[in-house]
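Undergrad: Residue 3 is where the sequence shown starts when you use the working numbering, and the numbers rise one by one after that.
Using N, Cα and C, we set each Cβ at its ideal position, and we do this for glycine too.
What follows is a single structure, and I will ask about it in a moment.
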Amino acid sequence: MWKWLILVFLQLSVFDCAVKNNNNRSLGNRNLGDNGSTCKAKYWTLVKYFDGFPKNTDMTIREENLPPLKNEEFLAKAVFLSVDPYQRVVGSFPDQVKLGEPFLGQQIAQIVETKNPKYPVGKYIRAPFGWRSLTISNGKSSDQDLTGAPAILPDYGNLPVSLGLGVLGMTGMTAYFGLLEICKPKTGETIVVSGAAGAVGNLVGQIAKIKGLTVIGIAGSDEKGKWLKEELGFDQFINYKKDNIDEKLKKVAPQGVDCYFDNVGGEISSSVLYQMNDFGRVAVCGSISAYNSPVKLKVTIVQPAILFKQLKVEGFDNLRWADRFPEAVKQYLQWIREGKIKYQETVTVGFENTFKAFLGMLKGENRGKAVVKV
Ligand code: NAP
């Protein structure tokens, strides 16, 4: 009994605004104004810019009191936080994020109080509020937002709202447009996907299968390879931590590689580029192999492969296709309903475990999209 009571207390104390559906304007009981008590938000902040692999001491949790809402504002309570590789990159740069300020990132939040009719209580939003528990917003985007203004999530039916950070969010958009618009895959071709068991990579492979390609995934453990082949239908797998990539790729793709979806960069990518067919296409999505390196990595020169095979190599930012995101969401929802796309999340529970989840994702502990359930 006592254990149960302590648990309930801990749960409520995460948010000083106890959440209950008490009227149609507010899901919160903030007691603002009358006795001077305010709502407390927690947020993760950098203590020190990342240098090399992030250290436990680089970030901490702080608290702040939130004022009463002004007209046009709403209060949103985080439900899921996103942990993403780009946060490792921006966390090294003072012009991207300031020490002591809330760390940036996307979250799914529920509106718990509002003075803005465009953001009604109860609705879920995807918002660039960072790793914070509670946020007051007027719905407008700021110059520092890398991921767009707060947006009300479309109705996902019985699917979890966390998918708004994964297959139905930035991750899914990156896989969909990067593959279809840059690799321009054709039935019968062969594609290699690095970072294949991660959030973007597993979707790229699944879409490529739908489009009739032979799909070869590269990732960091045999367990991931088993999952990719047995559950997601990848044709071949290379464990970059164990296999000789040049030799294994020759063996599993004797026909050569037509498309390469590159999530990791570095030596893995140099190897793949040298086994591409004439006029192959390379979508450069990310280079996570270098994000944690304290020095600039040196890798095998790739220009001869690009030149002699007449490859098309193009980097991209998913936001290039922001006006077409609804098209991709509609398509994903259909593929999910038809069982053609399986979504996978690695869910860490607890706001206080967000940084741990982030480090785990960088180390490869995730399968599919890494999210934190607040
Ligand atoms: P993710 O793949 O879910 O997570 C990162 C994965 O990277 C880990 O699970 C780990 O898997 C792998 N990894 C870590 N260190 C590595 C290394 N040294 N060499 C090779 N693999 C390593 O992350 P994501 O969100 O899907 O992002 C994947 C890539 O896409 C990242 O480079 C990211 O920056 C990029 N991205 C780009 C855009 C865009 O618009 N261009 C948007 C989103 C993401 P293993 O177990 O396989 O090592």
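With a threshold of 7 Å, establish whether the CB of Ala330 neighbours any heavy atom of ligand 1.
TA: Walking along the sequence shown from the start, residue 330 turns up at place 328. No, since every heavy atom of ligand 1 falls outside the 7 Å radius drawn around the Cβ of Ala330.
Undergrad: Quick one: does the C-beta of Lys72 sit closer than 7 Å to a heavy atom of ligand 1?
TA: Residue 72 sits at position 70 when you count from the first residue of the sequence shown. The answer is no for Lys72.
Undergrad: What is the DSSP secondary structure of Ser94, counted as helix, strand or coil?
TA: Here residue 94 is taken as the residue at index 92 of the sequence shown, counted from 1. Reduced to three states, the DSSP call for Ser94 is coil.
Undergrad: State buried or exposed for Pro56, treating a residue as buried only when at least 16 other CB atoms are found within 10 Å of its CB.
TA: Taking the sequence shown and counting its residues from 1, one reaches residue 56 at position 54. Result: buried.
Undergrad: Reducing DSSP to helix, strand and coil, say where Ser289 ends up.
TA: Taking the first residue of the sequence shown as 1, we reach residue 289 at position 287. Ser289 falls in the coil class under three-state DSSP.
Undergrad: Taking 8 Å as the cut-off, decide whether the C-beta atoms of Ile220 and Ile240 are in contact.
TA: Along the sequence shown, one-based indexing puts residue 220 at 218. Along the sequence shown, one-based indexing puts residue 240 at 238. Closer than 8 Å, so yes.
Undergrad: Run through DSSP, which three-state label would Lys160 get?
TA: Position 158 of the sequence shown, counted from the start, is the residue given in the question as residue 160. Here residue 160 turns out to be Asn, not Lys, going by the sequence shown. If DSSP states are grouped into helix, strand and coil, Asn160 belongs with coil.
Undergrad: Which first and last residues belong to the beta strand (DSSP E) in which Glu347 is found?
TA: Here residue 347 is taken as the residue at index 345 of the sequence shown, counted from 1. Element bounds for Glu347: 347-351.
Undergrad: Under a three-way DSSP split, which group does Ala210 fall into?
TA: Here residue 210 refers to the residue found at position 208 of the sequence shown. In the structure shown, Ala210 sits in a helix (DSSP, three-state: H, G or I).
Undergrad: For Cys261, write down the residues that DSSP places opposite it in a beta bridge.
TA: For the purposes of this step, residue 261 is identified with residue 259 of the sequence shown, where counting begins at 1. According to DSSP, which records beta bridges pairwise, Cys261 is partnered with Ile193, Arg283.
Undergrad: Helix, strand or coil for Asn37? Go by DSSP, reduced to three states.
TA: Reading the sequence shown from its first residue, position 35 is the one you call residue 37. Annotation note: pLDDT 38 at Asn37 (below 50); position unreliable, coordinate value reported separately. Three-state DSSP puts Asn37 in coil, outside helix and strand.
Undergrad: Taking 8 Å as the cut-off, decide whether the C-beta atoms of Ala111 and Lys72 are in contact.
TA: Translated into positions along the sequence shown, residue 111 becomes position 109. Translated into positions along the sequence shown, residue 72 becomes position 70. No, the Cβ-Cβ distance between Ala111 and Lys72 is not below 8 Å.
Undergrad: For Val315, collect the residues of the same chain with a Cβ closer than 7 Å to its Cβ; drop the 5 residues on either side in sequence, then sort them by chain order.
TA: To locate residue 315, count along the sequence shown from 1; it is residue 313. Excluding residues within five positions, the ones whose Cβ falls inside 7 Å are Val284, Val286, Ile308.
Undergrad: How many angstroms separate the CA atom of Ser39 from the CA atom of Asn67?
TA: Start at 1 with the first residue of the sequence shown, and residue 39 comes out as number 37. Start at 1 with the first residue of the sequence shown, and residue 67 comes out as number 65. In this predicted model, Ser39 has a pLDDT of only 44, less than 50, meaning its place in the structure is not dependable; the value taken from the coordinates is given anyway. In a straight line, the C-alpha of Ser39 is about 9 Å away from that of Asn67.
Undergrad: At a cut of 8 Å, does the region 171-187 reach the region 315-325 through at least three beta carbon pairs?
TA: In short, these stretches touch, since the Cβ pair count reaches three.
Undergrad: Let me confirm a value: Ser291 is counted as buried when at least 16 other C-beta atoms fall within 10 Å, else exposed. Which label applies?
TA: Counting from one through the sequence shown, the residue named residue 291 turns up at place 289. Buried, by the Cβ-count rule.
Undergrad: Provide the residue span of the alpha helix (DSSP H) that contains Arg128, from first to last.
TA: Taking the sequence shown and counting its residues from 1, the one referred to as residue 128 is at position 126. Run containing Arg128: none in the alpha helix (DSSP H); it sits in the beta strand (DSSP E), 126-129.
Undergrad: Please look up how many angstroms separate the CB atoms of Ala201 and Ala372, rounded, as I've assumed it's under 8 Å.
TA: Reading the sequence shown from its first residue, position 199 is the one you call residue 201. Reading the sequence shown from its first residue, position 370 is the one you call residue 372. Their Cβ separation, rounded to whole angstroms, is 7 Å, which keeps Ala201 and Ala372 in contact under 8 Å.
Undergrad: I'd like to know whether the C-beta atoms of Leu155 and Gly166 end up nearer to each other than 8 Å.
TA: Here residue 155 is taken as the residue at index 153 of the sequence shown, counted from 1. Here residue 166 is taken as the residue at index 164 of the sequence shown, counted from 1. Against a cut-off of 8 Å, the Cβ pair of Gly166 and Leu155 comes out as a contact.
Undergrad: Could you tell me which residues DSSP pairs with Arg134 in its beta bridges?
TA: By 1-based counting over the sequence shown, the position of residue 134 is 132. For Arg134, which the question treats as bridged, DSSP gives the partners Tyr45.
Undergrad: According to DSSP, what are the bridge partners of Gln112?
TA: For the purposes of this step, residue 112 is identified with residue 110 of the sequence shown, where counting begins at 1. Paired residues: Lys79, Tyr126.
Undergrad: Would you kindly check if the distance between the Cβ of Thr302 and the Cβ of Glu269 is under 8 Å?
TA: For this step, residue 269 is matched to residue 267 along the sequence shown. For this step, residue 302 is matched to residue 300 along the sequence shown. Going by C-beta atoms, Glu269 is nearer than 8 Å to Thr302.
Undergrad: Buried or exposed, going by whether 16 or more other CB atoms sit within 10 Å of the CB of Arg339?
TA: For the purposes of this step, residue 339 is taken as the residue at position 337 of the sequence shown. Arg339 comes out exposed.
Undergrad: Between Met278 and Lys231, is the Cβ-Cβ spacing less than 8 Å?
TA: Taking the sequence shown and counting its residues from 1, one reaches residue 278 at position 276. Taking the sequence shown and counting its residues from 1, one reaches residue 231 at position 229. It is not a contact, given that the beta carbons lie outside the stated cut-off.
Undergrad: Using a 10 Å radius around the Cβ and a threshold of 16 neighbouring Cβ atoms, would you call Val351 buried or exposed?
TA: As a first step, residue 351 is located in the sequence shown; it is residue number 349 there, counting from the start. Exposed: under 16 other Cβ atoms inside 10 Å.
Undergrad: If you check the beta carbons only, do Lys125 and Glu74 fall under 8 Å apart?
TA: The residue you call residue 125 lines up with position 123 of the sequence shown. The residue you call residue 74 lines up with position 72 of the sequence shown. Result no, Cβ atoms of Lys125 and Glu74 do not sit closer than 8 Å.
Undergrad: Indicate the three-state DSSP secondary structure (helix, strand or coil) for Ile218 in the structure shown.
TA: In the sequence shown, the residue the question calls residue 218 occupies position 216. Strand at Ile218.
Undergrad: Rounded to whole angstroms, how far is the Cβ of Ala359 from the Cβ of Val85, which I believe are closer than 8 Å?
TA: Taking the first residue of the sequence shown as position 1, residue 359 is located at position 357. Taking the first residue of the sequence shown as position 1, residue 85 is located at position 83. Their Cβ separation, rounded to whole angstroms, is 5 Å, which keeps Ala359 and Val85 in contact under 8 Å.
Undergrad: Within the same chain, show all residues whose beta-carbon is closer than 8 Å to that of Phe95, passing over the 5 residues directly before and after it, in chain order.
TA: Residue 95 sits at position 93 when you count from the first residue of the sequence shown. The answer, listed in chain order, is Tyr51.
Undergrad: Sorted by chain position, which residues of the same chain lie with C-beta nearer than 7 Å to Ser164's C-beta, five sequence neighbours on each side aside?
TA: As a position in the sequence shown, residue 164 is number 162, starting the count at 1. For Ser164, where only same-chain residues beyond five positions count, the Cβ hits under 7 Å are Phe82, Ile110, Glu347, Val373.
Undergrad: I need the DSSP call for Phe239, collapsed to helix, strand or coil.
TA: Reading the sequence shown from its first residue, position 237 is the one you call residue 239. In this structure, Phe239 counts as strand in the three-state DSSP scheme.
Undergrad: How many angstroms separate the CA atom of Tyr121 from the CA atom of Ile127?
TA: In the sequence shown, counting from the first residue as 1, residue 121 sits at position 119. In the sequence shown, counting from the first residue as 1, residue 127 sits at position 125. So the two alpha carbons sit approximately 9 Å from each other.
Undergrad: Opposite Arg339 in the DSSP bridges: which residues?
TA: As a position in the sequence shown, residue 339 is number 337, starting the count at 1. None, per the DSSP bridge assignment.
Undergrad: Can you grab the Cα-Cα spacing for the pair Lys2 / Asn246, in whole Å?
TA: What is shown of the chain runs 3 to 376, which leaves residue 2 out entirely.
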